[in-house]
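Colleague: So the number in this note's numbering is just where the residue sits in the first sequence, counting from 1, plus 2.
Every residue gets a Cβ at the ideal spot worked out from N, C-alpha and C, and that includes glycine.
A single structure is presented below for examination.
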Amino acid sequence: MLFSRMLIPTLKETPAEAEAISHQLLLRAGMIRKVTSGIYNYLPLGKRVLAKVERIVREEMDRAGAQEVLMPAVQPAELWQESGRWGVYGKELLRFLDRHERDYCFGPTHEEVVTDLVRREVHSYRQLPLNLYQIQTKFRDEIRPRFGLIRSREFIMKDAYSFHKGEAGAEACYQDMYDAYNRIFKRCGLNFKVVEADSGPIGGSFSHEFMVLADTGEDLLASCNACAYAANLEKAEVPLDLQEPGPPAGDKELMATPGVRTVEEVAAFLKVNSKDIVKTLIYETERGPVAILIRGDHEVNEVKVKNLLGVTDLALAGLIRVQELTGAEAGFAGPVGLEIPIYADQAVVRMNAMVTGANHDNHHLLRVHPQRDFKISRMADLRAATAQDPCPRCGGELTILRGIEVGHIFKLGHKYSKALKAVYLDQEGAEQYIYMGCYGIGVSRIVAAAIEQGHDDHGIIFPMALAPVQVALIPISLNDAAVRDCVFKLHEELETAGIEVLLDDRDERPGVKFKDCDLLGVPLRVVIGAKTLAQGQAEVKERRAQAPEFVSLAGLPEFLRQRISAQIGASK
RNA sequence: CGGGGCGUAGCGCAGCCUGGCAGCGCGCCUGCUUUGGGAGCAGGAAGCCGGCGGUUCGAAUCCGCCCGCCCCGACCA
């Protein structure tokens, strides 16, 4: 591979639009270019990295017994209407009409299509189990695409769907996928953590997400320092520790708090601790408005609220609506006298003298008692876990980490097989619904995640398994005939040996080539200069290393081959 | 969708307040010199100043509408 012939448009300066480090470096390294918001071109080197990820995914999926298929990007509305998701998926589903004015969408996921395929072709228990996967372009019309390849609208995803006779087989398959995913991310050289995830309205007893640890991650996760427990913060339980409140600490009292709305303001104004204050959050749901009570120093976990209420739509009520429901401006809502259902976090229930809004402009109530002064419809764990909470498994200490979700596996059960009537006949000739599971990997997101994890001031540091090329070959001066002959000969020799090598044959000064080589993240750099060449040596430097090593030219291909396989093998 | 910011050469930006030749750095092209960490000199190409409308003798600059992009938030199988 000759640098001068490749489209590798590196940039010295960071384009203004890029915020995330992976986005900046992908642009600067000439691996991607934006076409429009959340939609990118992959240039030759970017495509090579993608291909590396895809290859690892294919090898491990095949090894786990899955079969590769390719489903269409464009899907007919009928299937989505049949599953019921045409009406509920929302604007993230890109819909359009064909020339006959028939409804279509660009697939954000493929449960409908794959279930349709299987229901047409699979009729007997003898044909099960089946695990079908594809690596394909998805489109989700994200409200706000951001961070380059981390949250794009069009992206490459590996999605797999398993079909089993029953739950037992599906769970074994789930475990196989769990293991395959661990191997995939390990081979990709990623530092990741598997966390318990919310399985959402789909249900199912469990779900796991694979998180690449990075400070720029959009997801928060709670991880136990003592045991193996780790969960998405959306899912992380706060151990239930129900206690009765103490007796009332005195009559409740109406206190004027002019213009004092937030927990911080109330705490400062009344000189109380935020732990003594209760926030009353008014939410709208498809089943009507509710009030959620959360202690002042805690944050509500909306996923837990949704699961408790069994609703899919949950949004903070607008200012006007809050006024209608509480009779006061936002900031002064409280549970006393509220007419809508009240759900309280467990921490609230044991408070015997809480400060709450008074449902009266510019007033709060002191010494409110949960049993004496208002009625709680239900009480539960409704708040986000914090680093101060104990591990729900072992009581150990939790750490809150940030992560980028690169994989998600969950059981679907009969949701789609029932909706689309995907059935088989069992040994007794009885019709049974097929038991499904689904397993996703964000292939293009892995590329970004690897860069978020592997970079320094000079550029990308790719793990060997993902690098666009394994070796960069840099001549100090192509005008020196000996050097020139040597690098072209080496280039051929290395390619013959099956080593991916990029010869920087550009008419540039060495400094430019070093800068670009670092920027691209090529793991091994071979420099040929007149002096070392005269000694029959090449200079080899690992991207991560400070100092170079000197290797005899004769032994160079073997030396590189060993380095490469050691590094790919190490992450295998 | 709410809040904020930005659209001027391929990239990074100045000019706009106070209307009057469209600029700077990098990149690109030609030539010479140079060759171990983003070279030097000389010459050159490249712009509907996001779009539409208005004000004005005259608009990148002032006014209105629209479009696009980025950030924060809400949202997210």
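Could you spell out the range, first to last residue, of the beta strand (DSSP E) harbouring D105?
Modeller: D105 to F108
Colleague: Look at the alpha carbon of G168 and the alpha carbon of Y180, and state the distance between them as a whole number of angstroms.
Modeller: For G168 and Y180, the distance between alpha carbons rounds to 18 Å.
Colleague: Write down every uninterrupted run of the alpha helix (DSSP H) in the stretch 244 to 297 whose length is 4 residues or greater and which is fully enclosed by it, in chain order.
Modeller: 265 to 272
Colleague: Checking 8 Å against the spacing of the C-beta atoms, do I41 and R155 come in under that value?
Modeller: I41 places its beta carbon less than 8 Å from that of R155.
Colleague: List the whole-angstrom C-beta distance separating T401 from N227, where the pair is believed to meet the contact cut-off of C-beta under 8 Å.
Modeller: 6 Å
Colleague: Excluding five sequence neighbours on each side, which residues of the same chain lie with their C-beta closer than 8 Å to the C-beta of G524?
Modeller: For the record, residue 524 in the displayed sequence is Val; it is not Gly. Closer than 8 Å at Cβ, skipping near neighbours: F464, A469, P470, V471, Q472, V473, A474, L504 and R545.
Colleague: Quick one: what's got a C-beta closer than 8 Å to G252's C-beta in the same chain, skipping five residues either side?
Modeller: Taken in chain order, the residues that qualify are A355 and R369.
Colleague: Below 8 Å between beta carbons: does that hold for N364 and A258?
Modeller: yes
Colleague: Residues in its own chain within less than 7 Å of H316 by CB, not counting five upstream and five downstream?
Modeller: Correcting the residue type first, residue 316 is Leu in the shown sequence and not His. Answer for L316: Y285, T287, E304, V307 and K308, listed in chain order.
Colleague: Where does R511 sit, in a helix, a strand or coil, going by DSSP?
Modeller: The answer is coil: DSSP assigns R511 none of H, G, I, E or B.
Colleague: Given this structure, state the Cα-to-Cα distance separating H166 from E239, to the nearest angstrom.
Modeller: 31 Å
Colleague: What's the C-alpha gap between I448 and K160?
Modeller: 11 Å
Colleague: Nearest-angstrom Cα distance between A451 and I462?
Modeller: 11 Å
Colleague: What beta strand (DSSP E) runs, 3 residues minimum, are completely inside the stretch 361 to 417?
Modeller: Counting only runs of 3 or more, we get 365 to 370, 380 to 382 and 400 to 415.
Colleague: Can you give me the Cβ contacts of I294 inside the same chain, cut-off strictly under 7 Å, excluding the 5 residues immediately before and after it?
Modeller: Around I294: L283, Y285, V302, V307, Y345 and L384.
Colleague: Which ranges does the alpha helix (DSSP H) cover as unbroken runs of at least 4 residues, wholly within the stretch 430 to 490, from first to last along the chain?
Modeller: 445 to 455
Colleague: Between L47 and A31, which are expected to be in contact by the criterion C-beta below 8 Å, what is the C-beta distance as a whole number of angstroms?
Modeller: 7 Å
Colleague: With 16 other CB atoms within 10 Å as the buried threshold, where does K254 fall?
Modeller: With 16 or more Cβ atoms within 10 Å of its Cβ, K254 is classed as buried.
Colleague: Identify the continuous alpha helix (DSSP H) that holds G359 and give its terminal residues.
Modeller: No alpha helix (DSSP H) holds G359; the beta strand (DSSP E) holding it covers M356 to G359.
Colleague: Measuring straight from C-alpha to C-alpha, what distance separates Q136 and P11?
Modeller: 31 Å
Colleague: What alpha helix (DSSP H) runs, 4 residues minimum, are completely inside the stretch 61 to 129?
Modeller: 79 to 85, 87 to 90 and 113 to 123
Colleague: Determine the extent of the alpha helix (DSSP H) in which N184 is found, giving its start and end residues.
Modeller: E169 to R189
Colleague: Assuming contact is defined by CB atoms lying nearer than 8 Å, are R189 and A467 in contact in what I supplied?
Modeller: yes
Colleague: What residues in its chain sit with their C-beta under 7 Å from that of D100, if we drop five residues either side in the sequence?
Modeller: If you ignore the 5 residues before and after D100, its C-beta comes within less than 7 Å of the C-beta of Y106, all in its own chain and listed in chain order.
Colleague: Here's a check: name, in chain order, each residue in its chain whose Cβ is nearer than 6 Å to the Cβ of D299, leaving out the five neighbours to either side.
Modeller: S276 and K277.
Colleague: Start and end of the alpha helix (DSSP H) containing K306?
Modeller: E304 to L311
Colleague: Using the C-alpha atoms, what's the distance from H102 back to I476?
Modeller: Spanning the two alpha carbons is a distance of roughly 58 Å.
Colleague: Looking only at its chain, what residues have a beta carbon closer than 8 Å to the beta carbon of V90, apart from the 5 residues adjacent to it on each side?
Modeller: T314
Colleague: Tell me the DSSP secondary structure of D347 in three-state form.
Modeller: Residue state for D347 is assigned as strand, using DSSP reduced to three classes.
Colleague: Classify D315 as helix, strand or coil using the three-state DSSP reduction.
Modeller: coil
Colleague: In the DSSP assignment, the beta strand (DSSP E) including L504 goes from what residue to what residue?
Modeller: V503 to L505
Colleague: If the criterion is Cβ atoms closer than 8 Å, does the pair E114 and Q77 meet it?
Modeller: yes
Colleague: L4: which of R142, H410, P559 and R508 sits nearest, CA to CA?
Modeller: R508
Colleague: Please state whether DSSP places I322 in a helix, a strand or coil.
Modeller: helix
Colleague: Compute the Euclidean distance between the alpha carbons of R511 and K14, then round it to the nearest angstrom.
Modeller: R511 and K14 have their alpha carbons spaced roughly 15 Å apart.
Colleague: Hey, out of K273, D243 and M438, whose CA is closest to V357's CA?
Modeller: K273
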